[in-house]
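K.L.:
Quick one: structure below, then a few questions.
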Amino acid sequence: MTENILELNNLTKFFPAKAGGIFSRAKGEVRAVDGVSLTVARGETVGLVGESGCGKTTVGRTVMKLYEPTSGQIVFDGQDITNLKRKEMKPIRSKMQMIFQDPFSSLNPRHTVGTIISSSYTIHDIEPEGGVEHSVRELLTLVGLNPEHINRFPHEFSGGQRQRIGIARSLALKPKLIVADEPVSALDVSIQAQVINLLDDLQKELGLSYLFVAHDLSIVQHISDRVVVMYLGKVMEMAPTRELFANPRHPYTKALLSAVPVADPKMGRSRERIILQGDLPSPVNPPSGCVFNTRCWKAQDICRTAVPETIQVTPLQTVACHFPEV
Amino acid sequence: MSKFLEVTNLNVTFPTQDGEVRASNEVSYSVDLGETLAIVGESGSGKSVSNLAVMGLHNPTRTKITGSAVLNLANGPVDVISASAETVRRLRGKAMSMIFQDPMSALHPFFTIGDQIAEGWHLYNKGSKKDGIKKATEMLEIVGIPDASSRVHDYPHQFSGGMRQRAMIAMALVNNPSLLIADEPTTALDVTVQSQILKLLKDLQKEFNMAIILITHDLGVVAEVADRICVMYGGRIVENGTVDDIFYRPEHPYTLGLLNSVPRISDGQSHRLRAIPGQPPSLISLPSGCAFQPRCEYSSKVTSGACNSTVPSLSDKGSGHLSRCHLDVADLNNLVKDKA
Ligand SMILES: Nc1ncnc2c1ncn2[C@@H]1O[C@H](COP(=O)(O)OP(=O)(O)O)[C@@H](O)[C@H]1O
Ligand SMILES: Nc1ncnc2c1ncn2[C@@H]1O[C@H](COP(=O)(O)OP(=O)(O)O)[C@@H](O)[C@H]1O
Ligand code: SF4
Ligand code: SF4
Ligand SMILES: [Mg+2]
Ligand SMILES: [Mg+2]
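Protein sequences appear in the order of chains A and B. FYI, in our numbering the residues of the first sequence are 1 to 326. FYI, in our numbering the residues of the second sequence are 327 to 666.
Given below as structure tokens:
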């Protein structure tokens, strides 16, 4: 058994740039994910962070093979799944599941909770031990919902409860990896905490691995063992959570962390803040050299011409920058 | 001394098929020029409804509003709740302005940014079309849009999310209002853009001596920009104090719960989050006692059973720090200490 449940090697996913919209003048490709390499160990939670549009969701969906990768390699549970066909993916798909941000639109409003959760069994033609209804009731209990509510419809539940239904559905086939795409972003803080605790408990109980996509850094810090920071489709920095937050080495990570408002007025007042100028460049025409150079206060000539190599600054921390912070 | 805006015992109810929604329930708050009041609380707690009433933006035939919201203008006070629709319409955009989470709710997709900013200016100023565009350009410069003289002719879709937010702020401030109500202005934005916008609002506040009401559910944002904070729950204000009162000396169990449930960048990650159990109440059938009672871990400590039967009053235990709870502050603090 390999140590890693998931390995991405130089993964890219380009979309054809559509005419119209904000890229109307640009032709070519949206370089949504551009050479991403990362690993998720068994039982580990890896947080994937970065501003909206940096490619987090595309990484998640490509891992799930909901998108065909443009190039690179996806290794899941020791098996190269990069080029597997739809049919060949079916048994693998049961081992990796996705949870989405919007707990409402991801549940069919016309189906009961029981039908929604058991759809995994139907699709994969699996008869769970003890029968479908028994299993669904167990899952509802596991995620903290009342099993008596098996025949209710999604609209009868609150946002937090609907997210629990989504989680129950994703757990039905006993997956090894869960790709959670902004699973608590749509929820109120008090409810966010309930769902985060649930994800923590389930991981301990079931030995799950998470690829946890989020833009809220305080949540990522709380839940992740390691964090991957993306910018314009590329990995800027990767480190164990503690190191990343205590000692960010990439200028972008530093700016991103300093922008997070802290729920502590005294600390907030005394904190040094880096305010990034300007907007995110278009992923259709990313800047040459280091993609961050248009907003980086440390940029030198070389940053505009040469793509920085990913260097190992400590055994577990890597950074893609010509002039990393010390 | 009266403050610039004084809202007193504001009630907003919506009659619906399922019953009356009491969205704003005996709400009182005030904010002065140059001051930022933050209103925090979970979604559905009545934050927007209360402030839309101040702006006179509720449909009068489908809304019941009582109480008062007095603007202390240079030429005398005006109660926008009892004033005529025409009076309020003339104050809107001039004495008071509002911005929203989604800039596209304020920006029309078919008109240029410049024309839309100029339109608001022309309402209160005499000037040619060219003067209007000049003013719009100046406003875009103030809110930090680079290359404003050419971007003023752009349509909203040509702006990024952060730039649209800036454009909406420019539009709201074109007539130099004394009060700006910002309803979740950065909720849809990335933290990097959020910090730009918050800094912009702070700078503009200083420059124009505006009163700002910031509606948000993000305690981090509140901690950074607020002078005073009102915490809302179930349509009522449950706590009202300075930013330090609320963060360092909270007096209401709901405020405590909120503060405990946010993960903090600073602390280690090992501990479990202290979530508030249960769900926020429905505003149609509020419990007869304290609306927070079903979720409150301290209600059993109020031996009189008042939590179940009587709505606690919002009382000042000194120095303008108000809280709506039957539990004595000293007792609450002891209970919190025992738990830690
Ligand atoms: N199906 C698609 N077709 C074309 N472009 C897409 C598609 N999905 C995402 N993109 C683009 O790819 C980039 C990355 O998007 P996404 O992965 O959703 O980012 P994130 O999740 O980090 O916000 C964005 O520029 C987005 O517009
Ligand atoms: N026009 C309306 N008719 C009926 N109910 C409404 C209306 N507008 C708001 N509400 C209800 O009033 C309550 C408070 O809403 P709101 O002030 O928007 O909450 P928030 O604190 O999230 O801003 C919610 O329960 C909402 O559903
Ligand atoms: S490579 Fe240069 S531009 Fe890129 S982050 Fe490092 S210093 Fe900044
Ligand atoms: S009044 Fe009672 S139920 Fe309400 S917050 Fe205070 S202790 Fe809790
Ligand atoms: Mg996304
Ligand atoms: Mg609101």
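Cβ coordinates follow ideal geometry from the N, Cα and C atoms, glycine included. Keep in mind it's a predicted model, so treat the numbers as computed, not measured.
Output the boundary residues of the beta strand (DSSP E) element that contains residue 234 (chain A).
P.N.:
Start at 1 with the first residue of the first sequence, and residue 234 (chain A) comes out as number 234. From DSSP, the beta strand (DSSP E) with residue 234 (chain A) extends over 234-240.
K.L.:
Keeping to the same chain, check which residues put their C-beta closer than 6 Å to that of residue 465 (chain B); ignore five residues upstream and five downstream.
P.N.:
Position 139 of the second sequence, counted from the start, is the residue given in the question as residue 465 (chain B). Here the set comprises 443, 496 and 500.
K.L.:
Please list the residues of the region 285-308 of chain A that have a C-beta atom closer than 8 Å to any C-beta atom in chain B, keeping them in chain order.
P.N.:
If you check each beta-carbon in the region 285-308 of chain A against every beta-carbon of chain B, none falls closer than 8 Å.
K.L.:
Taking only beta-carbon atoms, is residue 221 (chain A) less than 8 Å away from chain B?
P.N.:
Indexing the first sequence from 1 puts residue 221 (chain A) at position 221. Judged by the 8 Å Cβ criterion, residue 221 (chain A) is in contact with chain B.
K.L.:
Since residue 226 (chain A) sits in a beta bridge, which residues does DSSP pair it with?
P.N.:
For the purposes of this step, residue 226 (chain A) is taken as residue 226 along the first sequence, with counting starting at 1. The partner list for residue 226 (chain A) (beta bridge, DSSP) reads A:46 and A:240.
K.L.:
Residue 89 (chain A) lies in the alpha helix (DSSP H); which residues open and close that run?
P.N.:
The residue you call residue 89 (chain A) lines up with position 89 of the first sequence. First-last of the alpha helix (DSSP H) with residue 89 (chain A): 86-93.
K.L.:
Should residue 455 (chain B) be listed as close to ligand 1, given that the test is whether its C-beta is under 7 Å from any heavy atom?
P.N.:
Counting from 1 along the second sequence, the entry for residue 455 (chain B) is found at position 129. No, the Cβ of residue 455 (chain B) stays beyond 7 Å of every heavy atom of ligand 1.
K.L.:
Could you please tell me which residues of the region 538-553 of chain B, in chain order, have their CB closer than 9 Å to any CB of chain A?
P.N.:
Contacts with chain A (Cβ-Cβ distance below 9 Å) from the region 538-553 of chain B involve 543, 544, 545, 546, 547, 548, 549, 550, 551 and 552, listed in chain order.
K.L.:
Considering just the uninterrupted stretch of the beta strand (DSSP E) at residue 654 (chain B), what are its terminal residues?
P.N.:
Reading the second sequence from its first residue, position 328 is the one you call residue 654 (chain B). Residue 654 (chain B) -> no beta strand (DSSP E), and no H or E assigned at all.
K.L.:
Report the neighbours of residue 265 (chain A) on chain B: residues whose CB is nearer than 7 Å to its CB, in chain order.
P.N.:
For this step, residue 265 (chain A) is matched to residue 265 along the first sequence. Here the neighbours are 549, 569, 570 and 573.
K.L.:
Contact check, residue 168 (chain A) vs residue 143 (chain A) under 8 Å by CB: the rounded distance?
P.N.:
Residue 168 (chain A) sits at position 168 when you count from the first residue of the first sequence. Residue 143 (chain A) sits at position 143 when you count from the first residue of the first sequence. So it is a contact: roughly 5 Å between Cβ atoms.
K.L.:
Going along the region 184-214 of chain A in order, which residues come within less than 8 Å of chain B, judged by CB to CB distance?
P.N.:
188, 189, 190, 191, 192, 193, 194, 196, 197 and 200
K.L.:
Identify which residue in A:81, A:301, A:31 and A:77 has its Cα closest to the Cα of residue 2 (chain A).
P.N.:
For the purposes of this step, residue 2 (chain A) is identified with residue 2 of the first sequence, where counting begins at 1. Considering only alpha carbons, the answer is A:77.
K.L.:
Identify the continuous alpha helix (DSSP H) that holds residue 480 (chain B) and give its terminal residues.
P.N.:
Counting from one through the second sequence, the residue named residue 480 (chain B) turns up at place 154. That residue, residue 480 (chain B), is in no alpha helix (DSSP H); it is neither H nor E in DSSP.
K.L.:
Closer than 8 Å is the cut-off here; do at least three beta carbon pairs connect the region 356-372 of chain B with the region 559-574 of chain B?
P.N.:
yes
K.L.:
From A:151, A:208 and A:258, pick the residue whose C-alpha is nearest to that of residue 6 (chain A); which is it?
P.N.:
For the purposes of this step, residue 6 (chain A) is taken as the residue at position 6 of the first sequence. If we check each option's Cα against that of residue 6 (chain A), A:208 comes out closest.
K.L.:
Within 10 angstroms of its Cβ, does residue 447 (chain B) collect 16 or more other Cβ (buried), or is it exposed?
P.N.:
Taking the first residue of the second sequence as 1, we reach residue 447 (chain B) at position 121. Per the 10 Å Cβ criterion, buried.
K.L.:
Which chain A residues are close to residue 589 (chain B), counting only those with a beta carbon under 7 Å from its beta carbon?
P.N.:
Locating residue 589 (chain B) in the second sequence gives position 263, where the first residue counts as 1. Simply 218, 219, 221 and 222.
K.L.:
Tell me, please, whether the CB atom of residue 518 (chain B) is closer than 8 Å to any CB atom in chain A?
P.N.:
Against the second sequence, residue 518 (chain B) aligns to sequence position 192. The C-beta of residue 518 (chain B) comes closer than 8 Å to at least one C-beta of chain A.
K.L.:
May I have a chain-ordered list of the alpha helix (DSSP H) segments no shorter than 4 residues that lie completely inside the region 386-424 of chain B?
P.N.:
Taken in chain order, the unbroken stretches of alpha helix (DSSP H) that lie wholly in the region 386-424 of chain B and span 4 residues or more are 411-417.
K.L.:
For residue 487 (chain B), verify whether its CB is less than 7 Å away from any heavy atom of ligand 1.
P.N.:
Within the second sequence, residue 487 (chain B) is the residue found at index 161, counting from 1. Not under cutoff, so the answer is no.
K.L.:
Of all the CB atoms in chain A, is at least one closer than 8 Å to the CB of residue 602 (chain B)?
P.N.:
On the second sequence, residue 602 (chain B) is found 276 positions in, with the first residue counted as 1. With 8 Å as the cut-off, residue 602 (chain B) counts as an interface residue toward chain A.
K.L.:
Spatial neighbours of residue 643 (chain B) within its chain, please: CB distance less than 6 Å, with the 5 preceding and 5 following residues excluded, ordered by chain position.
P.N.:
Here residue 643 (chain B) is taken as the residue at index 317 of the second sequence, counted from 1. Beyond the five residues adjoining it in sequence on each side, residue 643 (chain B) comes within less than 6 Å, by CB distance, of 655 in the same chain, given in chain order.
K.L.:
Could you work out which residues of chain B lie near residue 51 (chain A), taking near to mean beta carbons separated by less than 7 Å?
P.N.:
What you label residue 51 (chain A) is simply residue 51 of the first sequence in a count that begins at 1. Per Cβ cutoff of 7 Å: 516 and 518.
K.L.:
If you run the structure through DSSP and keep just helix, strand and coil, what is residue 76 (chain A)?
P.N.:
In the first sequence, residue 76 (chain A) corresponds to position 76, counting from 1. Strand.
K.L.:
Identify, in the order they occur along the chain, each residue of the same chain with its Cβ nearer than 6 Å to the Cβ of residue 298 (chain A), setting aside the five sequence neighbours on each side.
P.N.:
Within the first sequence, residue 298 (chain A) is the residue found at index 298, counting from 1. Setting aside the 5 residues that flank it on each side, residue 298 (chain A) is surrounded in the same chain by 251 and 323, each with a C-beta closer than 6 Å to its C-beta; the list follows chain order.
K.L.:
With respect to the beta strand (DSSP E) encompassing residue 322 (chain B), which residues constitute its N-terminal and C-terminal limits?
P.N.:
For chain B, the structure presents residues 327 to 666; residue 322 (chain B) sits outside this window and is missing.
K.L.:
Assuming residue 267 (chain A) is part of the alpha helix (DSSP H), what are its boundary residues?
P.N.:
Residue 267 (chain A) sits at position 267 when you count from the first residue of the first sequence. Residues 265-270.
K.L.:
Can you find the residues in the same chain that come closer than 6 Å, C-beta to C-beta, to residue 588 (chain B), ignoring five residues on each side of it along the sequence?
P.N.:
Along the second sequence, read from residue 1 onward, the residue named residue 588 (chain B) stands at position 262. 545.
K.L.:
Please classify residue 140 (chain A) as buried or exposed, where buried requires at least 16 neighbouring CB atoms within 10 angstroms.
P.N.:
Here residue 140 (chain A) refers to the residue found at position 140 when the first sequence is read from its first residue. So residue 140 (chain A) counts as buried.
K.L.:
Return helix, strand or coil for residue 121 (chain A), following the three-state DSSP convention.
P.N.:
On the first sequence, position 121 is the one that residue 121 (chain A) refers to. In this structure, residue 121 (chain A) counts as helix in the three-state DSSP scheme.
K.L.:
For ligand 5, list every residue whose C-beta falls under 7 Å from any of its heavy atoms, going in chain order.
P.N.:
Counting only residues whose CB is nearer than 7 Å to a non-hydrogen atom of ligand 5, the list in chain order is A:52, A:56, A:57, A:181, A:182 and A:213.
K.L.:
Chain B beta carbons: is any one of them nearer than 8 Å to that of residue 268 (chain A)?
P.N.:
Counted from its first residue, the first sequence places residue 268 (chain A) at position 268. Output row for residue 268 (chain A): interface = yes.
K.L.:
For residue 450 (chain B), collect the residues of the same chain with a Cβ closer than 8 Å to its Cβ; drop the 5 residues on either side in sequence, then sort them by chain order.
P.N.:
Sequence index remark: in the second sequence, residue 450 (chain B) carries index 124 (1-based). Excluding positions up to five away in sequence, the list reads 419, 420 and 501.
K.L.:
Does the beta carbon of residue 558 (chain B) come closer than 8 Å to any beta carbon on chain A?
P.N.:
Mapped onto the second sequence, residue 558 (chain B) falls at position 232. Put simply, the CB of residue 558 (chain B) is far from chain A, with every gap to its CB atoms at 8 Å or more.
K.L.:
Could you give the distance in angstroms between the alpha-carbon of residue 35 (chain A) and the alpha-carbon of residue 100 (chain A)?
P.N.:
Counting from 1 along the first sequence, the entry for residue 35 (chain A) is found at position 35. Counting from 1 along the first sequence, the entry for residue 100 (chain A) is found at position 100. The alpha-carbon atoms of residue 35 (chain A) and residue 100 (chain A) are separated by roughly 24 Å.
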